[in-house]
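For reference, the structure is listed below as structure tokens.
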Amino acid sequence: MLNDGLRWIDCACALVGACLAYNWLSEKRKRRARGGLPLPPGPRGLPFVGNIFDIDPGRPWETYTEWTKQYGEIAYMKLFSQDVIVLNSERVVRSLIDQRSAIYSDRPEVPTNKLFGADFNTAFLPYDDEWKLHRKLFHNTLHAETCISYQPLILQRVHILLGDLLKNPGSASFEPHLRMFTASIILAVTYGYQAVAWSDDLVQCAAKLVKLLIDALPPHRAAVLGAFPILTRLPTWFPGAGFLRDAVKGRELARHALEDPFEYVKQQMAAGTASRSMVSDLLTEVDEKQLTPEMERAMKAMASTVFLAGFDTSSSFMFTFILAMRMHPDVQRRAQAEMDAVLGGGRLPTFEDRPSLPYIEAIIREVLRWQIILPLSLPHATSSDDVFEGYFIPKGAMVLPNVWAMVRCVPLPPNQPPADVFEPARHLDPSTGQLLPEQNAITGHPQFGFGRRVCPGRFLSEATMWAAIASILAVFDVCPALDGEGREVPVSGEYSTGISIRPLPFECEIRPRSKKAEQIILEALDV
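For the sequence shown, the UniProt record's numbering gives the first residue as 1, with consecutive numbering after it.
Laid out in structure tokens, this is it:
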């Protein structure tokens with residue numbers, strides 16, 4: 001027995017020694033490839049594991065933002081064998097990802113994507129011919145002019161949301177209505193599918209899959225699986241292998257999300273009852289002989305990407321908007337004054353009113369800036385070695401644009417409040433009251449990504465956000481919830497963790513501003 005135990009110890013020591021030797025040789029080869037150039041500065045890591053223990057796994061963007069004090073705008077770290085470059089300023093992000101997009105448009109391999117059956121997702125595809133085909137399909141269906149044709153549908157869904165909020169004004173009821181609103185618009189635009197309840201099979205499929213993916217996708221988690229691929233082959237009953245059981249569920253949900261709504265469109269088109277949608281437009285444009293298996297796969301993947309990506313981010317934006325109005329009644333009052341001046345208090349807004357409502361536009365920008373839904377955007381990867389300001393950036397490095405730092409650490413004009421304060425007026429010209437041009441991370445939209453990987457659904461998302469926010473402010477007040485003794489229920493303003501964040505559950509009352517406002521909502525629903 002003693003000899004057996006010693007044999008196991010010898011094997012373990014040999015394995016550790018081999019790992020350390022491999023790591024040392026790998027680093028030696030990389031140093032030689034750098035030609036004497038230094039890597040960007042960063043914290044010293046441990047052998048083999050790198051900097052995995054230097055990062056707050058729940059809010060890594062705050063760790064990286066803190067690093068700016070010591071390392072500046074660009075930092076280097078390692079997660080096991082993965083080189084990681086953190087970009088902590090807009091200047092560096094634009095210089096690399098925008099201006100050198102030929103090098104910085106790739107994506108790192110994310111083992112959890114394939115494990116959970118979501119490797120079809122356009123957002124995570126490598127920069128190759130498949131991605132370019134997806135991008136072409138996106139351009140054909142979601143460019144700015146095409147999105148204008150979806151405005152009547154967006155307004156119709158917004159009016160349904162207003163009716164739901166009117167019927168259920170309680171403090172606990174707004175969240176499912178906002179979730180249903182975003183899900184119904186995405187399904188209608190993408191597939192012409194009319195979802196009417198949160199219990200709908202497709203809605204539930206997306207909700208469950210998105211939750212699993214958000215929990216599985218953080219870079220540090222992917223790095224562990226990349227360093228130890230054997231973990232993905234463990235039996236699902238193995239202690240600590242709960243992520244593998246989740247992966248089994250994820251693969252089944254991903255299959256349904258990819259196939260079911262697409263088949264629904266094809267069946268509706270065959271019956272002559274299909275509503276206009278992204279998928280129906282694509283299928284109409286392509287002759288049956290041209291619909292190769294490759295093209296159909298790309299259509300399914302592109303559509304499912306829109307379905308899943310918008311499902312989470314759009315609802316997170318709406319929750320942040322409601323939270324901001326609950327915490328800042330002065331902002332709400334100013335917005336409603338602008339709405340009343342333009343609408344006269346007698347109707348709901350239309351897209352024709354948008355140029356006349358700069359403060360509403362400023363609120364949208366500030367909601368996007370104040371709490372970044374994707375604080376680290378999505379990771380890029382280098383397709384070749386690069387040199388930036390004397391620093392060597394190796395091929396295959398994961399590149400993280402720290403959008404959180406971009407909007408929190410940027411120098412502000414002396415008349416503006418700190419970056420962590422919600423203040424829509426920072427987006428307006430103080431002399432004219434008009435919206436400032438999109439020229440930096442504060443007035444622009446870094447939340448939609450960078451370079452050739454900018455979110456193709458931006459125009460649809462912006463239109464939906466504007467219609468929802470303007471309409472809610474026109475007819476509702478977001479008020480504090482009251483407890484049993486009539487006291488205001490406090491709001492913490494805290495957020496979830498993960499690759500995508502949203503406010504933790506909070507209470508508020510969404511009440512019609514007046515009897516006239518109630519009547520306006522009911523009339524809109526009768527149309």
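All residues carry an ideal CB built from backbone N, CA and C; glycine is no exception. These numbers come from a predicted model, not from an experiment.
* Contact between the stretch 113 to 121 and the stretch 84 to 97: three or more CB pairs below 8 Å? -> no
* **Start and end residues, alpha helix (DSSP H) containing arginine 511** => As a first step, residue 511 is located in the sequence shown; it is residue number 511 there, counting from the start. Arginine 511 -> not in any alpha helix (DSSP H); beta strand (DSSP E) instead, spanning 508 to 512.
* Output the distance between the C-alpha atoms of proline 512 and proline 60, rounded to the nearest integer angstrom. => Within the sequence shown, the letter at position 512 stands for residue 512. Within the sequence shown, the letter at position 60 stands for residue 60. Their Cα atoms are separated by approximately 40 Å.
* **Where glutamate 366 falls, given that 16 or more other Cβ within 10 Å makes a residue buried** => Reading the sequence shown from its first residue, position 366 is the one you call residue 366. Flag for glutamate 366 reads buried.
* Return the chain-ordered ranges of every alpha helix (DSSP H) run that is complete within the stretch 187 to 218 and spans a minimum of 4 residues. => Here the runs fully enclosed are 201 to 216.
* Report all residues from its chain with a CB closer than 8 Å to the CB of leucine 428; omit the five preceding and five following residues, and keep chain order. => For the purposes of this step, residue 428 is identified with residue 428 of the sequence shown, where counting begins at 1. Only Pro358, Tyr359, Ala362, Gln434, Leu435 and Leu436 meet the Cβ criterion.
* **Residues near isoleucine 510 by beta carbon distance below 7 Å, same chain, minus five either side** => Position 510 of the sequence shown, counting from 1, holds the residue named residue 510. Taken in chain order, the residues that qualify are Leu165, Pro169, Phe174, Phe476 and Val478.
* **isoleucine 372 versus Lys395, Met406, Leu400 and Tyr71, residue with shortest Cα-Cα distance** => To locate residue 372, count along the sequence shown from 1; it is residue 372. Of Lys395, Met406, Leu400 and Tyr71, the residue nearest in Cα terms is Met406.
* Residue(s) in a DSSP beta bridge with glycine 50 -> What you label residue 50 is simply residue 50 of the sequence shown in a count that begins at 1. In DSSP, glycine 50 forms a bridge with Leu46 and Leu79.
* Asked: Comparing the C-beta of arginine 347 with each C-beta of chain B, is any distance below 8 Å?
  -> Looking at the structure shown, chain B is missing, and only one protein chain is on hand.
* In its own chain, which residues sit with a C-beta less than 7 Å from the C-beta of serine 514, not counting the 5 before and 5 after it? -> Here residue 514 refers to the residue found at position 514 when the sequence shown is read from its first residue. The answer is none, since no qualifying residue turns up.
* Asked: Is it right to say aspartate 83 is buried, meaning 16 or more other beta carbons lie within 10 angstroms of its own, or is it exposed?
  -> Taking the sequence shown and counting its residues from 1, the one referred to as residue 83 is at position 83. Result: buried.
* For lysine 516, the three-state DSSP class (helix, strand or coil) -> Indexing the sequence shown from 1 puts residue 516 at position 516. Helix, per DSSP.
* Taking Cβ to Cβ, would you say phenylalanine 311 is nearer than 8 Å to alanine 206? -> Position 311 of the sequence shown, counting from 1, holds the residue named residue 311. Position 206 of the sequence shown, counting from 1, holds the residue named residue 206. Yes, these two residues count as a Cβ contact at 8 Å.
* Of the choices Ala241, Gly449, Lys69 and Ala254, whose alpha-carbon is the least far from that of leucine 400? -> Along the sequence shown, read from residue 1 onward, the residue named residue 400 stands at position 400. Looking at the Cα atoms, Gly449 is the closest of the given residues.
* Candidates Leu378, Tyr191 and Pro355: which alpha carbon is nearest glutamate 260's? -> Residue mapping note: residue 260 aligns to position 260 of the sequence shown, counting from 1. Residue identity differs from the one stated: residue 260 is aspartate in this sequence, not glutamate. The shortest C-alpha separation from aspartate 260 is found at Tyr191.
* Residue range of the alpha helix (DSSP H) that residue 536 falls in? -> Residue 536 is absent from the structure shown; the chain starts at 1 and stops at 527.
* Ends of the beta strand (DSSP E) at residue 547? -> Beyond the ends of the chain as shown, which are 1 and 527, falls residue 547; an answer cannot be given.
* **CB of aspartate 106 within 8 Å of CB of threonine 382, strictly** => Mapped onto the sequence shown, residue 106 falls at position 106. Mapped onto the sequence shown, residue 382 falls at position 382. It is a contact, given that the beta carbons lie within the stated cut-off.
* **proline 446 - DSSP class collapsed to helix/strand/coil** => On the sequence shown, position 446 is the one that residue 446 refers to. Proline 446: helix per DSSP, three-state reduction.
* To do: Take aspartate 340 as the anchor and find which of Glu294, Leu473, Phe422 and Thr284 has the nearest alpha-carbon.
  => Position 340 of the sequence shown, counted from the first residue, corresponds to residue 340. Here the closest residue by C-alpha is Leu473.
* **Length-filtered (4 minimum) alpha helix (DSSP H) runs lying within the stretch 214 to 292** => Look at the stretch 214 to 292 and you find these whole runs of alpha helix (DSSP H), each 4 residues long or longer: 219 to 227, 242 to 271 and 278 to 285.
* Within 8 Å, strictly: CB atoms of glycine 250 and leucine 212 -> Taking the first residue of the sequence shown as position 1, residue 250 is located at position 250. Taking the first residue of the sequence shown as position 1, residue 212 is located at position 212. Result yes, Cβ atoms of glycine 250 and leucine 212 sit closer than 8 Å.
* To do: Rank Thr65, Ala75, Lys132 and Val210 by C-alpha distance to the C-alpha of asparagine 252 and give the top, closest one.
  => Start at 1 with the first residue of the sequence shown, and residue 252 comes out as number 252. One detail in the question is off: residue 252 reads as glutamate in this sequence, not asparagine. A check of alpha carbon separations from glutamate 252 across Thr65, Ala75, Lys132 and Val210 identifies Val210 as the nearest.
* Check whether isoleucine 499 and leucine 374 have beta carbons under 8 Å apart -> Reading the sequence shown from its first residue, position 499 is the one you call residue 499. Reading the sequence shown from its first residue, position 374 is the one you call residue 374. Yes. Within cutoff.
* Given that a residue counts as buried once 16 or more other Cβ atoms are within 10 Å of its Cβ, and exposed if not, what is alanine 468? -> For the purposes of this step, residue 468 is identified with residue 468 of the sequence shown, where counting begins at 1. Flag for alanine 468 reads buried.
* To do: Could you say which of Pro349, Pro446, Thr320 and Pro108 lies nearest to proline 152 if we only look at CA atoms?
  => Taking the sequence shown and counting its residues from 1, the one referred to as residue 152 is at position 152. For the residues Pro349, Pro446, Thr320 and Pro108, the minimum Cα distance to proline 152 belongs to Pro349.
* Asked: In the structure shown, what three-state DSSP assignment does aspartate 386 receive?
  -> Mapped onto the sequence shown, residue 386 falls at position 386. Strand.
* Alpha-carbon to alpha-carbon, tryptophan 404 and threonine 146 -> Residue mapping note: residue 146 aligns to position 146 of the sequence shown, counting from 1. Residue mapping note: residue 404 aligns to position 404 of the sequence shown, counting from 1. Roughly 31 Å between the two C-alpha positions.
* Is it right to say isoleucine 230 is buried, meaning 16 or more other beta carbons lie within 10 angstroms of its own, or is it exposed? -> Translated into the one-based positions of the sequence shown, residue 230 becomes position 230. With fewer than 16 Cβ atoms within 10 Å of its Cβ, isoleucine 230 is classed as exposed.
* Give the secondary structure of alanine 183 by DSSP, where H, G and I count as helix, E and B as strand, and everything else as coil. => Residue mapping note: residue 183 aligns to position 183 of the sequence shown, counting from 1. It is helical.
* **Top-ranked residue by Cα proximity to leucine 37, from Ile214, Ala197, Tyr71 and Ile393** => Along the sequence shown, one-based indexing puts residue 37 at 37. The candidate whose alpha carbon is nearest that of leucine 37 is Ile393.
* To do: For the beta strand (DSSP E) holding residue 569, just list the boundary residues, first then last.
  => This structure leaves residue 569 out entirely; the chain is present only between 1 and 527.
* Asked: Where do the N-terminal and C-terminal ends of the beta strand (DSSP E) with valine 478 fall, by residue?
  -> One-based indexing of the sequence shown puts residue 478 at position 478. 476 to 480 is the extent of the beta strand (DSSP E) around valine 478.
* With a 10 Å radius around its C-beta and 16 neighbouring C-beta atoms as the bar for buried, classify lysine 132 as buried or exposed. => To locate residue 132, count along the sequence shown from 1; it is residue 132. Around the beta carbon of lysine 132, fewer than 16 other beta carbons lie within 10 angstroms, which makes this residue exposed.
* **Paired residues, beta bridge with glutamate 488 - DSSP** => Along the sequence shown, read from residue 1 onward, the residue named residue 488 stands at position 488. Its beta-bridge partners are Leu482.
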